[in-house]
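K.L.:
Quick one: this structure, given as structure tokens, is what I'll be asking you about.
4 protein chains.
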Amino acid sequence: MNNNHLKQCDKLVPASYIKQAEQSCTSINNLISHLLEHKKIPEDPWRSDIIEALLSSLSQMDSNNFLSSCGAGEREGRIFSELVASRNYRLAHGVGRSGDVTAVQPKAVGSSILNQLCTRIVLDIIRQVGAETATSCIIVPMATGMTLLLCFLTLRTSRPKAKYIIWPRIDQKSCFKSMISAGFEPVVIENKLKGDELRTDLEMIKEKVKHLGSENVLCIHSTTSCFAPRVPDRLEEIAKICKENDIPHIVNNAYGLQSSKCMHLLQQAARLGRVDAFVQSCDKNLLVPVGGAIVASFNKDGFIENVASTYAGRASASPAIDLLITSLQMGLSGLKQLLKQRKENYNYLRDEMCKLAEKHGEQLLATPHNPISMAMSLSTLAGMEKHVTEFGSMLFTRNVSGARVVPLDSKKTIGSYSFTGYGSHCDQYKCPYLTVAAAIGMNKDECQLLIKRIDKTFTEIKFKNNSAKNKIPSTITQSSQLNN
Amino acid sequence: MNNNHLKQCDKLVPASYIKQAEQSCTSINNLISHLLEHKKIPEDPWRSDIIEALLSSLSQMDSNNFLSSCGAGEREGRIFSELVASRNYRLAHGVGRSGDVTAVQPKAVGSSILNQLCTRIVLDIIRQVGAETATSCIIVPMATGMTLLLCFLTLRTSRPKAKYIIWPRIDQKSCFKSMISAGFEPVVIENKLKGDELRTDLEMIKEKVKHLGSENVLCIHSTTSCFAPRVPDRLEEIAKICKENDIPHIVNNAYGLQSSKCMHLLQQAARLGRVDAFVQSCDKNLLVPVGGAIVASFNKDGFIENVASTYAGRASASPAIDLLITSLQMGLSGLKQLLKQRKENYNYLRDEMCKLAEKHGEQLLATPHNPISMAMSLSTLAGMEKHVTEFGSMLFTRNVSGARVVPLDSKKTIGSYSFTGYGSHCDQYKCPYLTVAAAIGMNKDECQLLIKRIDKTFTEIKFKNNSAKNKIPSTITQSSQLNN
Amino acid sequence: MNNNHLKQCDKLVPASYIKQAEQSCTSINNLISHLLEHKKIPEDPWRSDIIEALLSSLSQMDSNNFLSSCGAGEREGRIFSELVASRNYRLAHGVGRSGDVTAVQPKAVGSSILNQLCTRIVLDIIRQVGAETATSCIIVPMATGMTLLLCFLTLRTSRPKAKYIIWPRIDQKSCFKSMISAGFEPVVIENKLKGDELRTDLEMIKEKVKHLGSENVLCIHSTTSCFAPRVPDRLEEIAKICKENDIPHIVNNAYGLQSSKCMHLLQQAARLGRVDAFVQSCDKNLLVPVGGAIVASFNKDGFIENVASTYAGRASASPAIDLLITSLQMGLSGLKQLLKQRKENYNYLRDEMCKLAEKHGEQLLATPHNPISMAMSLSTLAGMEKHVTEFGSMLFTRNVSGARVVPLDSKKTIGSYSFTGYGSHCDQYKCPYLTVAAAIGMNKDECQLLIKRIDKTFTEIKFKNNSAKNKIPSTITQSSQLNN
Amino acid sequence: MNNNHLKQCDKLVPASYIKQAEQSCTSINNLISHLLEHKKIPEDPWRSDIIEALLSSLSQMDSNNFLSSCGAGEREGRIFSELVASRNYRLAHGVGRSGDVTAVQPKAVGSSILNQLCTRIVLDIIRQVGAETATSCIIVPMATGMTLLLCFLTLRTSRPKAKYIIWPRIDQKSCFKSMISAGFEPVVIENKLKGDELRTDLEMIKEKVKHLGSENVLCIHSTTSCFAPRVPDRLEEIAKICKENDIPHIVNNAYGLQSSKCMHLLQQAARLGRVDAFVQSCDKNLLVPVGGAIVASFNKDGFIENVASTYAGRASASPAIDLLITSLQMGLSGLKQLLKQRKENYNYLRDEMCKLAEKHGEQLLATPHNPISMAMSLSTLAGMEKHVTEFGSMLFTRNVSGARVVPLDSKKTIGSYSFTGYGSHCDQYKCPYLTVAAAIGMNKDECQLLIKRIDKTFTEIKFKNNSAKNKIPSTITQSSQLNN
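Protein chains in written order, with the numbering used here: chain A, 1 to 484; chain B, 485 to 968; chain C, 969 to 1452; chain D, 1453 to 1936.
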């Protein structure tokens, strides 16, 4: 309904009423104008119908939705199913063009605006949560691992001789695969145990750089967000090494957007040294379904643009649609509230896990550098690795998802590489442990439920463990399960 | 509503009525059983509410939707926005795991089933449309170009020495980028002009293989679907060369699923020679939004599985959701109807374009090997390249999208590679031309509209062209536009 | 997106692209302008997203959706559930005001426009399908029966002495209840058998008018659409009687909008005599869910307005929303196509039923005046009334709904009134029969299925009937059912 | 997905994973079982996808959604538009049958279950909020006024001589129209001023009963929820009069469900005297769109059933769908929270209005018996009635909806009845006033906004008023508006 339409309604209802309605239309139009003007996450949440009206307007700007369109190509954005059309807001052309995933599509102006707008809003979010001097970002419709791979492929062009990627070990499979799938050789830097924490071995990095030769190193691939007892890498120092040695620095910030500490680390690293790009997951940080990642940078050296043009072809618009909707519906106020709540949950969970550990004769590992997750020793079960594993299964069966139980002797081969102590980020941690995270979107009820279930399950597994040691027949153990 | 629920309803309505309703529930359950049993595209279309009920059931099997779930990890599938949750059917975990894009996720059983089921249905479709002996496929949430790149990265592991990709020229940017982004050196095989057609230069391929050495060639990268006057590559012969020289063969079948001829070519190539994988776009063939591609194979050599495990990390479930919905809503009968209609449109368009060409003193180029697109010479405009380009713009302004107008002298640089005659698949085609396609989903009205608009616009541009030659002031030309 | 918004997008995508998109927005705006200007069913169907955009615009004009609204009353259109909000397009205030169901609500300008617009479109439809001189109509959120009741209540004010309603018998319960619930005494006019048809007894009507005295008769309540062998009332003659005797005439045209014959009858009656109002169901004629009816008139005497102001209070907007969506999505071309298809189905069904009747030694009753339904004798089953009834149940069990099997001896009491031969519109029809309709929206497949199922079921029931007569044990009969 | 389906999925994902998913399905099935078993509003809110799954299951039980249905009637629930189908969950048959709005439809078992279930849940809600001994209720798809009319029509059958309805005056148009549209003569009982409150004149009621004769009185029609300074009728005493005189008693409890005081009044009246039925609006109490009302009773005398069978014909299922969704999504806990919040808002608003009144030299009228609304005198404006009216308009223009400004001298004619002081529930209240309500669903922000806007607007109107008295040119006043 534009102003002409409103005037036409004069014949249906009194003109004075129309005026009141006009005011309302104007205020909604102002909301949209403000968004298009500032390209930032709005302070206050938007109502869902206004978001959908915006998406509908954008989709009308794509050629497949023109009333008199006539498609003579091989890709005309035709959608067979009404269900599919409707759930995609009739945005059929994806984002980007064959040469560049951020390029504007002449056939799909609405989708192009959506993508540009969403990218700008995401950049604003990145700045708001701590990377204040970030200059640009792109959204790619792939998970973190593939996005890291894309960054490595991008670096290759400018470093044709480089074969190695220096990588402080983090036992997360897709990180590792991103390097080998891209055709590079990971140089694993084992972590150093400091107290209970596993920290970056800076000396070893320096040594490797020297030994391999800067020009043969594609980049250093560091990590912020990780599971305790590993803690975020010493980003500042790594960034300095990179700067000094003229080596690119790619940071895996998978779920670090939600932590002001991780973001502060990044910001400092960029200030003091070199950070070429940092990569984060959309789903882990912004509560959207799996499917997209964000590559961001503090520089204006064109790296982000090169990443975009390394992506060969168009991409699904789904991640951008989900992100745009979510950021409008959340608003900056909502986002800040979520971040605040996450911190509170972290503190609550740490305190409760501490009590729980004491109760069971275990201890909460001291990992003050890890702002998101924490670990409790399972020393009681040491030597009975199958009970450690079973503890994990039991938690999963009781609908505790995401809690990781890490035994001591796990081995793993990825490609031609073998790891000892896989899962613990080092060859041999001092004890098996359980690690849990306080991630964004968790609520307090969940924290309480988590504590309760761990308590109950651990009690049970210890009973089993003792029974096994004392060879009490297992039927008794089983019956105790049934009463659960 | 299961049978117990129905029984409980006895207290609300007479039992005899319940029985009738039970019958209906049973028949819908049978539909689902049949799908799960056979894992094929159903013969008849499904109603949209039944499709949504299936998706809703699947989503209830993902841990983020468990009533008593308690998430302690960093990725728990939490969705902030109800709009986003609803448009994704609350399927938040994507598909695949960090090590393999087809792996089953313990946290997301429903999403995993959806992906497996969808993959099996897509395989059935591939067989139904002509690749009868195809053995496996995967759906990847990337466009054709990136998917080709993934195939090349996969081949690298088993051919560590290989640096070259032999590539019969096709002027489509993302195809070319897929090779250079992956870090390989494309060896361009220029096409040979036979009559009006541009065909594969088999001799040159053989020569290059010999010259480079088989072990240095990563693969031959051929193409089926393409814009006339280029025609599909001589797949059978290429496949034989590959077999004889032990070189992998990756086929870009971007929009070839819709053409029985392209599929027949592929099937024959596999029978007579070597085809490692063929890649096709979901959107161009199956009328879903941009976002996914399919890698398929005739072999059981594990290549498809290797591609899946080269993809580092999870992927968006959106392409699989769109594909599943579409194939259920289309049914085999609907698909066949669309393919039939496409062929009819092709014939209709060819005949009408032929008449149009004659009317304007041009000719429809004879490209019998191209089953999807056709080209009309623009010899009238030869020598006035800016009018050729303007003709294209005018068509676009009149909402004709996808028609390509190809001038003679176009130059293009991609990465460090330069092309002459870019767009025409050869250095110098004999005339500028207009090319249009009869793609799946086009309807007859569109064909007629297309002919009409080309006619009108060409008349106009010829008038301009003549005016320019005769230096008639442009105001007259403009006024003729206004009467349009 | 208004023009200012488009201009703002200049910073996100090239201005030339925006121009193309602007064109598209304009063409959609023109569609809406045309609708608001002419207030008629559009010639061509609208796309669903444009319909939803219109509804969304309208809902933004209601005060409950104002961004800064502040509600201090007892009814502020607040909606608790997002699901409910979304399915009602956030239109919460219903239609009408306490004094008049068509009144404009200051608080709900969008809802008011929607209702006015919908009413005008419905009036256009009524004219298009045959009541060319209809002058006004209203949509009421009640079924046909309650709407007739509302008409009777409205007439009471101007005819305070009137106690009787003259009513040519039609065995449809809600018609009858509409009169007694309103507090009037129905004067039943039994139908006369002419050939196979049951037709209006005009003499008896005249006699009753004379006997009761015009001023004591509230109105004559006639019927168009009905089940064969009853046929539409002699509307022209009744209308003349009404005119001559100064008695109002209310026509129950429940599902007559779909039949040009019924509409012609109405138009002629209005031309030659008196028709105060005709009432029709929304769901039966316009393929929307049950819930609304339309009262229409040929006159400008204010009767329709009086009906509107007799309805005490606001009403659900649902019927108007469903009607508006449907008429836009159908378009006049779609409506005409449906009407044409219905006629073809009627002819097809009549021919096939005729063959079927012959095959089974029955006959299709000759009811040429009934344009929608037809009846087949069940003389074979005469005397075995329980088999007649069972035949009906069997058809229902086989998912044939709506087919009516009418035995001879049915009795029914409604309120204090008793009917013999209830269901057959007369005390004693000459044979039991089966009646089926060719209603709007039925497709040819359904017709064929119907014939097939009647054939099969009748064969079976005849076998049972014969078995019963010959006392063959029922087990045999049952086994034949299993093979079905 | 039933258990068989899950088993079939064994071939797609490991059986152990299926087991976990099965658990989740079971817990959701248990939720549904619990609902069907107890037929009460669930304690905790349901998730929207589970609600939609339930609705989808129900709709599959309606014959129009049978896979092999074959419709041969005139009403087969066919829906033309997918939009309409989807927003109505494909529930097309409405509720009730021609003879009874609560009757089960053989053709529409799912809709019938939905309606029965919803009715039972609503009855549970009525009991939970205070009418503990309520025995039955029905949902009717009409607003409060029409529903009262239906009650009066129902009473007529058993009281054929009765012509009068005794009605303590409440200036709400649809209440009054419900009586005259039904054909009865309202006997208006003027309210008595006690302090600031307008209360029921019990003596006058008794006198009228005596004067008219019990048998000539159809019923007493009392009111609970109303705008201050009128307060709820003396229900207990009226109920006793009804009992003693054998006169039916219908209570208009329009928005009283939200107030424990109104509900307590009703419960007491039923305990001590006679209450035949009490009628309430769905939208005003349960935050759904306008469209339905609830008739409830404390008795088992069949009155509710008679009301249901007086409604002639089917009814829209929309109100029941909206109510069912809302009650499931709200849960008892949500409902209680809303009621608690409403009380808090009432207290807050009363305190703030009191301060505001003092500030402006007015007073908050003392109306302790009115639990929902309150009134502030506008004595300052007395004698300048056009300023009183203008004050109302100005509030409305500033998006304050629902606040009523009541001048002294308003006259109104409804039908043949004339009222003086219309709007104030009495011929001449002591001062003009402003009345506002604290209704369910209002939030604290709105309360604060309301106070602020009233303050600002009243300041302005007083300035105008003074200016007018002092004849200051109006331009000054206007400019002050601009600064607003």
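The beta carbon of each residue, even a glycine, is placed where N, CA and C say it ideally should be.
Just to confirm, does A/Lys456 get its C-beta within under 7 Å of one of the non-hydrogen atoms of the ligand COA?
P.N.:
By its list of ligands, the structure shown contains no ligand whatsoever, and the ligand COA lies outside what it can speak to.
K.L.:
For chain A, is any of its Cβ atoms less than 8 Å away from the one on D/Thr1478?
P.N.:
The sequence position of residue 1478 of chain D within the fourth sequence is 26, counting from 1. So no, D/Thr1478 is outside the interface.
K.L.:
Less than 8 Å between the CB atoms is what I'm expecting for C/Thr1365 and C/Asn1433, so what's the real figure, rounded?
P.N.:
One-based indexing of the third sequence puts residue 1365 of chain C at position 397. One-based indexing of the third sequence puts residue 1433 of chain C at position 465. Wrong, their Cβ atoms sit about 17 Å apart, outside the cutoff.
K.L.:
Should D/Gln1789 be flagged as near chain A, meaning a C-beta pair shorter than 8 Å?
P.N.:
Taking the first residue of the fourth sequence as 1, we reach residue 1789 of chain D at position 337. Judged by the 8 Å Cβ criterion, D/Gln1789 is not in contact with chain A.
K.L.:
When you compare the CB of A/Thr397 with every CB in chain D, is at least one pair closer than 8 Å?
P.N.:
As a position in the first sequence, residue 397 of chain A is number 397, starting the count at 1. Answer yes: the Cβ-Cβ gap between A/Thr397 and chain D drops below 8 Å somewhere.
K.L.:
So which residues on chain C does B/Gln504 lean against when the C-beta distance must stay under 9 Å?
P.N.:
Along the second sequence, read from residue 1 onward, the residue named residue 504 of chain B stands at position 20. The answer, in chain order, is Phe1364, Thr1365 and Asn1367.
K.L.:
On the three-state DSSP scale, how would you describe D/Asp1552?
P.N.:
Position 100 of the fourth sequence, counting from 1, holds the residue named residue 1552 of chain D. It is a strand residue.
K.L.:
When DSSP labels each residue in this structure, what does A/Ile138 get in the three-state scheme?
P.N.:
For the purposes of this step, residue 138 of chain A is identified with residue 138 of the first sequence, where counting begins at 1. The answer is strand: DSSP assigns A/Ile138 an E or B state.
K.L.:
Consult DSSP for D/Ser1926 and reduce its assignment to one of helix, strand or coil.
P.N.:
For the purposes of this step, residue 1926 of chain D is taken as residue 474 along the fourth sequence, with counting starting at 1. Model confidence at D/Ser1926 stands at a pLDDT of 46, short of 50, so the residue's coordinates are unreliable; what they give is reported in the following sentence. Note: D/Ser1926 maps to helix in three-state DSSP.
K.L.:
Mind checking C/Thr1112: buried by the 16 CB within 10 Å criterion, or exposed?
P.N.:
Counting from 1 along the third sequence, the entry for residue 1112 of chain C is found at position 144. Result: buried.
K.L.:
Measuring only the C-alpha atoms, how far is B/Tyr739 from B/Leu749?
P.N.:
The sequence position of residue 739 of chain B within the second sequence is 255, counting from 1. The sequence position of residue 749 of chain B within the second sequence is 265, counting from 1. Distance between the alpha carbons of B/Tyr739 and B/Leu749 is about 14 Å.
K.L.:
Would A/Ala162 and A/Glu244 qualify as a contact pair, given that the criterion is a beta-carbon distance under 8 Å?
P.N.:
If you number the first sequence from 1, residue 162 of chain A lands on position 162. If you number the first sequence from 1, residue 244 of chain A lands on position 244. No. Outside cutoff.
K.L.:
List, in chain order, every chain A residue whose beta-carbon is nearer than 9 Å to that of D/Glu1528.
P.N.:
The residue labelled residue 1528 of chain D in the question sits at position 76 within the fourth sequence. Going along chain A, no residue has its Cβ under 9 Å from D/Glu1528, so there is no contact; the nearest lies around 22 Å.
K.L.:
So B/Asn736 and B/Cys746 are supposed to be a Cβ contact under 8 Å. How far apart are they, rounded?
P.N.:
Within the second sequence, numbered from 1, the residue matching residue 736 of chain B stands at position 252. Within the second sequence, numbered from 1, the residue matching residue 746 of chain B stands at position 262. Going by Cβ atoms, the distance from B/Asn736 to B/Cys746 rounds to 11 Å, so no, they are not a contact pair.
K.L.:
Please report how far the alpha carbon of D/Pro1990 lies from the alpha carbon of C/Ser1193, in whole angstroms.
P.N.:
Nothing in the structure corresponds to residue 1990 of chain D, since chain D is present only between 1453 and 1936.
K.L.:
For the beta strand (DSSP E) containing B/Pro670, name the first residue and the last one.
P.N.:
On the second sequence, position 186 is the one that residue 670 of chain B refers to. Its beta strand (DSSP E) spans residues Glu669 to Ile673.
K.L.:
Between which two residues does the beta strand (DSSP E) harbouring D/Asn1704 extend?
P.N.:
Taking the first residue of the fourth sequence as position 1, residue 1704 of chain D is located at position 252. Its beta strand (DSSP E) spans residues His1701 to Asn1704.
K.L.:
Please look up how many angstroms separate the CB atoms of D/Gly1893 and D/Asp1496, rounded, as I've assumed it's under 8 Å.
P.N.:
Within the fourth sequence, the letter at position 441 stands for residue 1893 of chain D. Within the fourth sequence, the letter at position 44 stands for residue 1496 of chain D. Between D/Asp1496 and D/Gly1893 the Cβ distance is about 20 Å, and since that is not below 8 Å, they are no contact.
K.L.:
Is it right to say D/Asn1567 is buried, meaning 16 or more other beta carbons lie within 10 angstroms of its own, or is it exposed?
P.N.:
Residue mapping note: residue 1567 of chain D aligns to position 115 of the fourth sequence, counting from 1. Buried is the call here.
K.L.:
Grab the span of the alpha helix (DSSP H) containing D/Met1537 for me, first residue to last.
P.N.:
Numbered from its first residue, the fourth sequence carries residue 1537 of chain D at position 85. With the sequence shown as reference, residue 1537 of chain D is identified as Ala, and Met is not the correct amino acid for it. Here the alpha helix (DSSP H) through D/Ala1537 covers Glu1534 to Arg1539.
K.L.:
Under the assumption that D/Ser1779 contacts D/Ile1493 (Cβ atoms under 8 Å), give the Cβ distance between them as a whole number of angstroms.
P.N.:
Position 327 of the fourth sequence holds residue 1779 of chain D. Position 41 of the fourth sequence holds residue 1493 of chain D. Contact holds; Cβ gap of about 5 Å.
K.L.:
Determine whether the beta carbon atoms of B/Asn854 and B/Ala712 lie at a separation below 8 Å.
P.N.:
Taking the first residue of the second sequence as position 1, residue 854 of chain B is located at position 370. Taking the first residue of the second sequence as position 1, residue 712 of chain B is located at position 228. Contact: yes.
K.L.:
So, under 8 Å CB-CB, A/Ile121 and A/Cys137 are touching, yes? Tell me the CB distance rounded to an integer number of Å.
P.N.:
Numbered from its first residue, the first sequence carries residue 121 of chain A at position 121. Numbered from its first residue, the first sequence carries residue 137 of chain A at position 137. Their Cβ separation, rounded to whole angstroms, is 10 Å, which puts A/Ile121 and A/Cys137 out of contact at 8 Å.
K.L.:
For D/Ile1622, name the three-state secondary structure that DSSP assigns.
P.N.:
Here residue 1622 of chain D refers to the residue found at position 170 when the fourth sequence is read from its first residue. Correct three-state label for D/Ile1622: coil.
K.L.:
Whose Cβ in chain A lies nearer than 7 Å to the Cβ of C/Gln1028?
P.N.:
Here residue 1028 of chain C is taken as the residue at index 60 of the third sequence, counted from 1. In chain order: Ser24, Cys25 and Ile28.
K.L.:
Between the Cα of B/Gln742 and those of B/Ile856, B/Ala754 and B/Gly845, spot the shortest distance and give me the residue it belongs to.
P.N.:
Taking the first residue of the second sequence as position 1, residue 742 of chain B is located at position 258. Residue B/Ile856 is the option with its Cα nearest to B/Gln742.
K.L.:
Any C-beta of chain A within less than 9 Å: which residues of the region 770-801 of chain B qualify?
P.N.:
Flagged, chain order: Leu770, Leu771, Val772, Pro773, Val774, Gly775, Gly776, Ala777, Ser793, Thr794, Tyr795, Ala796, Gly797, Arg798, Ala799, Ser800 and Ala801.
K.L.:
How about the region 984-1000 of chain C and the region 1033-1053 of chain C: do they share at least three Cβ pairs that are nearer than 8 Å?
P.N.:
Result no; under three Cβ-Cβ pairs closer than 8 Å.
K.L.:
Can you have a look at A/His211 and say buried or exposed, based on whether 16 or more other CB atoms are within 10 angstroms of its CB?
P.N.:
What you label residue 211 of chain A is simply residue 211 of the first sequence in a count that begins at 1. Classification of A/His211: exposed, given that the 10 Å Cβ count is below 16.
K.L.:
On the premise that A/Ser174 lies in contact with B/Gly797, defined as a C-beta separation below 8 Å, what is that separation, rounded to the nearest angstrom?
P.N.:
The residue you call residue 797 of chain B lines up with position 313 of the second sequence. The residue you call residue 174 of chain A lines up with position 174 of the first sequence. Confirmed, about 4 Å.
K.L.:
Tell me, to the nearest whole angstrom, how far the beta carbon of C/Gly1067 is from that of C/Ser1277; I am working on the premise that it is less than 8 Å.
P.N.:
Taking the third sequence and counting its residues from 1, one reaches residue 1067 of chain C at position 99. Taking the third sequence and counting its residues from 1, one reaches residue 1277 of chain C at position 309. About 6 Å; that satisfies the 8 Å criterion.
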